[in-house]
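Just so you know, we're using this note's numbering here: the sequence shown kicks off at 11 and counts up by one.
All residues carry an ideal CB built from backbone N, CA and C; glycine is no exception.
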Amino acid sequence: MLENKKISEMNKWFRNQTTKLKESNLRHKAKTFFFHRMALIAFWGMISISNSALAEEYKEIEIKDSGSISGKVFLEGQVPSPRVFHLVLYPFEYFCKKVSDGKDNRLLSEFTVSGKGELQDTVIVVEGISKGKAFPTPEVVIHSTDCVFHPYVSVVKNHQTIKVINNDPVVHNIQVYQSERGKIIFNSPLPVQSTESGALNFEPGMHISQWICGMHEYMQNWAYVIENPYYAISQTDGSFQIDKIPPGTYTVTAWHARMKVAQKKVTISGGKVSPVNFEFHSNEVFYPEYEKQEKGRIQKRGKAEHFVR
Ligand SMILES: [Cu+2]
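Take a look at the structure:
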């Protein structure tokens with residue numbers, strides 16, 4: 011009896027200790043969770059405060075003694091070959107091969123270069139201007155026609171309305187990647203012959219986004235987030251012009267989807283046109299590892315491999 015009583019007391023003591031330990035662990039976990047939570051809230055708070063401080067609201071004002079910049083963008087060296095995508099690897103091959111190289115491949119040309127090396131589709135922006143000429147919202151309409159997204163390059167204000175029109179009798183899908191972070195920010199189906207519209211929430215302070223059809227990897231285009239109206243996209247002859255710039259010294263950025271960003275300092279003075287040219291070199295073309303495919307991965311009429319029996 012005595013032994014049983016002792017065992018019973020020991021069991022009771024053990025249960026009490028276990029309960030206390032569990033409670034203490036739970037308290038510790040709760041405390042840790044609380045502090046982690048607080049630290050996270052403080053961290054995101056700091057981020058959003060710094061973001062809102064960075065995103066200074068643009069103001070339209072009357073400008074005196076404004077000037078302009080004018081120039082051209084060039085690509086030196088050999089023009090990179092288009093990227094090749096074998097149509098058999100993607101859905102709706104028979105419709106999408108309306109545009110083909112004759113060998114059932116889709117070619118994605120990312121460099122539009124004239125015979126004189128003039129480079130189209132480069133976005134030029136004058137940085138750091140928070141007051142100046144009118145800043146109308148650009149119209150952003152992306153069409154999918156014959157399994158091609160166009161235009162290849164657009165500029166967009168953060169949170170503005172964007173329209174995507176699928177003119178094709180086949181389904182597409184649009185995925186938007188904020189390429190400075192490799193992060194997908196939007197993913198939506200594009201039903202047959204439909205129009206989708208809405209706004210995108212780009213990361214504050216970031217500018218580059220790549221748009222890809224989730225079903226057809228060769229359907230790609232780009233959008234650059236602008237913060238002021240002092241921008242241009244280089245034309246077929248590589249030329250661009252930006253006017254009504256307030257006097258001062260500025261950094262001018264040139265961005266092409268496949269090149270590192272180039273920057274130059276430019277001084278603007280009243281009534282003058284300041285020349286600025288940008289020269290990229292095809293030795294410096296940048297592709298992430300996952301995009302380095304140069305040839306169709308299979309040959310449709312290539313020699314078939316069979317099991318050896
Ligand atoms: Cu598609």
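- Judged by DSSP in its simplified three-state form, S292 adopts helix.
- I71 counts as exposed, since fewer than 16 other beta carbons sit within 10 angstroms of its beta carbon.
- The closest heavy atom of ligand 1 lies less than 8 Å from the beta carbon of V180.
- Inclusion of V158 and E289 in the CB contact set at 9 Å is not warranted, their separation being larger than that value.
- Rounded to the nearest whole angstrom, the CA to CA distance from E120 to P298 is 14 Å.
- In this structure, K275 places its C-beta atom within 9 Å of the C-beta atom of Y260.
- For F212, no alpha helix (DSSP H) encloses it, and the DSSP letter there is neither H nor E.
- Shown here, V98 sits in a helix according to DSSP, grouped into three states.
- Taking non-hydrogen atoms of ligand 1 into account, the C-beta of M216 is found less than 8 Å away from none of them.
- Per DSSP, the unbroken alpha helix (DSSP H) holding Y104 starts and ends at 103-106.
- A distance criterion of 8 Å places the beta-carbon of H160 beyond contact range of ligand 1, judged by its closest non-hydrogen atom.
- For E301, the secondary structure class from DSSP, reduced to helix, strand or coil, is helix.
- Per the coordinates, the alpha-carbon of E128 lies some 14 Å from the alpha-carbon of V286.
- Apart from sequence neighbours up to five positions away, the residues of its chain that approach H217 with a beta-carbon distance below 6 Å are Y234, V235, ordered along the chain.
- Considering only R268, G112, A272, the residue with the shortest C-alpha distance to V163 is R268.
- V180 is a Cβ neighbour of F105, given a cutoff of 9 Å.
- Contact annotation, P239 with D75: C-beta distance approximately 18 Å; criterion of less than 8 Å not satisfied.
- One thing to note: G77 has its Cβ within 9 Å of the Cβ of G281.
- In this structure, Q220 sits near V186, with a CB-CB distance shorter than 9 Å.
- A Cβ-Cβ distance of about 7 Å is found for the pair V150 and Q170, placing them in contact under the 8 Å criterion.
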